[in-house]
Amino acid sequence: MMEGSPQPGSRSLTWRLTLSVLSAILGSFTFGYNTGVINAPQAIIEDFMNYTQLERSGNIMEEGTKSIIWGFAVAIFAVGGMTGGVLAGWWSHVFGRKIGMLLCNVFTIIGAALMGTSQVAKSYEMIIVGRLVVGLSCGLFTGLVPMYINEVAPTNLRGALGTLHQLGVTVGILVSQILGIPEILGNVSGWPILLGITGAPAVLQLLTLPLCPASPRHLLIDKSKEKEARDALVALRGSQEVEEEMEEMRQEKKAGEKEAKMNLIQLFRTATLRQPLLVSVVMHLSQQLSGILVVFYYSTSLFTEAGIDDQKLASYLTVGVGGIMVIMTFVTIPLMDRAGRRTLHLIGLLGMLVLGILLTISMALQNLVQWFSYISVASALLFVVFFALGPGSIPWMIVAELFSQGPRAAAVSFGVLTNWTANFAVGLAFPPMQVKAFQDLCMNNLVLNLRNSKNKLCMQ
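One rule links them: number in the working numbering = place in the sequence shown (from 1) + 164.
Here it is, written out as C-alpha cells:
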C-alpha cells in the first residue's frame, strides 16, 4: 500500500480479483495470437490457395492476384477490429463488460472453426471470413478488457493490473510465434490447427468468466443496482468493508447524472472533453505509428537483412522478440504506479526514437562495416524493450482513466477505433513509413497535454 493518506479502494490482490483479471485477459491473448499467427505459415497458405484455385479452374493464380488475396486475408483482421472498435462502447453499455466479453467468444469460436476447417473444405475464402469474424471479436475485446480491469481494480493496483491487458497480447503473440515454428505447427499438415487454436482461449474464458463478478462500477453507476454492485465489490475485495469505495462510486454517479450517456457525436461536441479525447487519440497513434508493427510483422526479414544468413536463426530471433515483450511487460507492472503513465510512455517513445535512428544507420552501413550487423540486431531488440516499457500497454488503459463513467464507453470505443484504423493503415502502407516524424508529433503533444493518472480516482 502506498505511503501517505490512503486512497479510497486501496486494497491488496485477492483471489477473486486475480481470477477476474486473468479471465478477462484471455480476450487480450486472442487479440495477440491472431496478430502474429498468420505470418509464419504465409508461404504454405499461399501454396494452399494456389492448389485450391488449380483444382477449381485448372489454372494457378497469377503472382499479383495471389499477393492481393493474401494481403486482403491479413488486412481483413484489422477491418473486423475497426468494426468491433466502433461497436465497443454500445456493446459494453447494452450487455455490460462481463456479459459483453462472454458474447465475444461466440464470434471467436465461429472464426476459429472457419479457419481451422478451411483446408478440409478446400476454401481459402473461409480463412478470410474467419479472420474478419475473429477481428470483430478482438476489436470488442480491446475495448471491453481494459474497461473491465479499470473498473474492478482498486485504485492502488489499477496501473499494475491495467498492464496485464498488454501482457495478454504479448503472450498471445509469443505463443503464436512458437507454435508457428515449422517443427511444431507451421507446416503443411499443422497450419489449420495453428489457426483453429484461436478458439481455445475462448472456450477457457467461457468456463472461467462466469465465476467472476460483474463490474461494480457499471452495476451502480450505469444500472443503478446498488446491492448487486456491493456484492460484486465484496467478492472482489474479499472484505465487507467496501463502504468507502461505494461512496466514491455514488459520488461519481451523482456527478454523472449531470452528464448523460454520450455517443461519439456528443463526445466530439463537448468542449471540455476535447483535450482528453485528443490525448487518447495521440496515445493510440503513438503506439501503432511508432514503428513497432515493422518488428511484429517483418522481424524475420528484418533480421535477415541485418546480416543473419541462417533463416532458422532469424525465425528463432523473432520468437525472442516475443519473449522480450513478455518479460518487459512483467517488468513494467510494478513501475506503472510508481513512475506514472506519462513518464513511462515518454521514456518509451524517446528510446524508440533513438534506437530507430540507430537501427536505420547501422543497417545502411553494415555492408561497409561487418560488425554493424550486430548493432542492427541489438537495436531491434532494444527497440522492443522500450516499446514494452510504456507505449505497448499505456494507451489501452489511459483512455478509461481520463474519462468519467458518462463518456467513458464512447471514448474507449473511439480510442479502439483509432488504434485499429492505424493498424490497418500501417499494414497496407508499410514499408515507406517515416517513423521519426510520427514519434516527434506524438511526443510533443503528450509532453504538453498528458497528465499523470497514477493513484487518482476516476473523478479526478
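We put the beta carbon where it would ideally sit given N, CA and C, even for glycine.
Extent of the continuous alpha helix (DSSP H) run through residue i
{"i": "Y197", "result": "190-200"}
{"i": "T524", "result": "505-529"}
{"i": "D211", "result": "206-221"}
{"i": "W257", "result": "Checking the displayed sequence, the identity of residue 257 turns out to be His instead of Trp. Element bounds for H257: 227-259."}
{"i": "T281", "result": "Looking at the DSSP string, T281 is not in any alpha helix (DSSP H), and its letter there is neither H nor E."}
{"i": "P346", "result": "Here P346 belongs to no alpha helix (DSSP H), and DSSP marks it neither H nor E."}
{"i": "H448", "result": "438-452"}
{"i": "M561", "result": "558-566"}
{"i": "T372", "result": "363-372"}
{"i": "K418", "result": "407-420"}
{"i": "G303", "result": "289-316"}
{"i": "D395", "result": "390-401"}
{"i": "S543", "result": "536-553"}
{"i": "L532", "result": "That residue, L532, is in no alpha helix (DSSP H); it is neither H nor E in DSSP."}
{"i": "Q404", "result": "No alpha helix (DSSP H) contains Q404, which DSSP labels as neither H nor E."}
{"i": "G360", "result": "355-360"}
{"i": "L428", "result": "428-433"}
Cβ shell of residue i (< 8 Å), same chain only, five flanking positions each side left out
{"i": "F193", "result": "G332, V333, V335, G336, V339, P365"}
{"i": "C305", "result": "Residue identity differs from the one stated: residue 305 is Phe in this sequence, not Cys. Cβ within range, chain order: G191, S192, T194, F195, G248, M265, C268."}
{"i": "V298", "result": "T194, N198, F241, G244, F271, T272, G275, A276, M279, T362"}
{"i": "V549", "result": "I488, M492, G515"}
{"i": "L441", "result": "L431, F432, A575, F578"}
{"i": "G360", "result": "A276, A277, M279, G280, T281"}
{"i": "I218", "result": "This sequence places Leu at residue 218; Ile is not what is there. If we look at L218 and ignore the five residues flanking it on each side, its Cβ neighbours are I224."}
Same chain, Cβ closer than 7 Å to residue i, five either side skipped, listed in chain order
{"i": "S187", "result": "Q369, T372, L373, C376"}
{"i": "R107", "result": "The structure shown does not extend to residue 107, since the chain is modelled only from 165 to 624, so the question has no answer here."}
{"i": "F236", "result": "I292"}
{"i": "L300", "result": "G244, T247, G248, F271"}
{"i": "T178", "result": "L400, R401, G402"}
{"i": "E390", "result": "L384"}
{"i": "P595", "result": "The predicted model places P595 with a pLDDT of 42, which falls under 50 and marks its position as unreliable, so this point remains unresolved."}
{"i": "L358", "result": "V201, P205, L343, G344, L349, G350"}
{"i": "P498", "result": "A324"}
{"i": "Q330", "result": "T493, G556, S557, W560"}
Same chain only: Cβ atoms within 6 Å of residue i, ignoring 5 sequence neighbours per side
{"i": "Q598", "result": "Residue confidence is low: Q598 scores 37 on pLDDT, short of 50, so the model does not pin down where it sits. Its coordinate-derived value is still stated next. Excluding sequence neighbours, Q598 sits near nothing in its chain."}
{"i": "M561", "result": "P310, G326"}
{"i": "Q451", "result": "P555, P559"}
{"i": "L457", "result": "V590"}
{"i": "E392", "result": "L383"}
{"i": "Q283", "result": "P356"}
{"i": "T582", "result": "V445, H448"}
{"i": "P380", "result": "A393, A396, L397"}
{"i": "V490", "result": "T334, V335, L338"}
{"i": "F467", "result": "A478, L481"}
{"i": "F602", "result": "Only weak support exists for where F602 lies, its pLDDT of 43 falling under 50; the value from the coordinates is given anyway. Cβ within range, chain order: L453."}
{"i": "T216", "result": "K286, Y288"}
{"i": "V250", "result": "L581"}
Residue from the options with nearest C-alpha to residue i
{"i": "S543", "options": "P555, S282, V518, L442", "result": "V518"}
{"i": "F551", "options": "F259, N583, L481, G512", "result": "G512"}
{"i": "C302", "options": "G244, F467, H382", "result": "G244"}
{"i": "R295", "options": "F195, F432, E412, N531", "result": "F195"}
{"i": "E412", "options": "T182, M426, L397", "result": "L397"}
{"i": "S557", "options": "H509, W254, A277, A252", "result": "H509"}
{"i": "N146", "options": "S231, M410, N583", "result": "Residue 146 lies beyond the range of the chain shown here (165 to 624); nothing can be said about it."}
{"i": "N109", "options": "Q530, V541, H257, T507", "result": "Within the shown structure, residues of the chain are numbered from 165 to 624, placing residue 109 beyond reach of any answer."}
{"i": "S184", "options": "V316, L499, N351", "result": "V316"}
{"i": "L545", "options": "I525, W584, V485, G579", "result": "V485"}
{"i": "L572", "options": "Y480, I385, K476, L523", "result": "Here residue 572 is Arg; the residue named in the question, Leu, does not match the sequence. That would be I385, whose Cα lies nearest to the Cα of R572."}
{"i": "S568", "options": "I497, R506, K425", "result": "K425"}
{"i": "Q341", "options": "T482, T524, W584, S577", "result": "T482"}
{"i": "K417", "options": "K476, G570, G579, G253", "result": "G570"}
{"i": "R414", "options": "S388, P346, W234, I429", "result": "S388"}
{"i": "W254", "options": "L529, L308, I189, A239", "result": "L308"}
{"i": "G455", "options": "A586, L218, Q530, P318", "result": "A586"}
{"i": "A503", "options": "M527, L523, L553, F460", "result": "L553"}
{"i": "K476", "options": "T216, R220, L181, E347", "result": "E347"}
{"i": "F547", "options": "N531, T182, T524", "result": "T524"}
{"i": "W234", "options": "T507, N203, G260", "result": "N203"}
Cutoff 8 Å: residue i Cβ touching any chain C Cβ
{"i": "Q206", "result": "Here there is only one protein chain, and chain C is not present."}
Residue i beta carbon near the ligand PLP (any heavy atom closer than 7 Å)
{"i": "L383", "result": "This structure simply doesn't include the ligand PLP, nor any ligand for that matter."}
- prompt: Three or more beta-carbon pairs under 8 Å between the region 418-432 and the region 402-409, yes or no?
  reply: No: the two stretches stay apart, fewer than three of their Cβ pairs being nearer than 8 Å.
Note to self: Any contact between the region 560-580 and the region 526-543? By contact I mean 3 or more CB pairs, one from each, below 8 Å.
What the structure shows: no
Legend entry - Cβ contact (3+ pairs, closer than 8 Å) linking the region 200-213 and the region 288-304: yes
Cβ pair count under 8 Å reaching 3, the region 222-229 against the region 261-272
no
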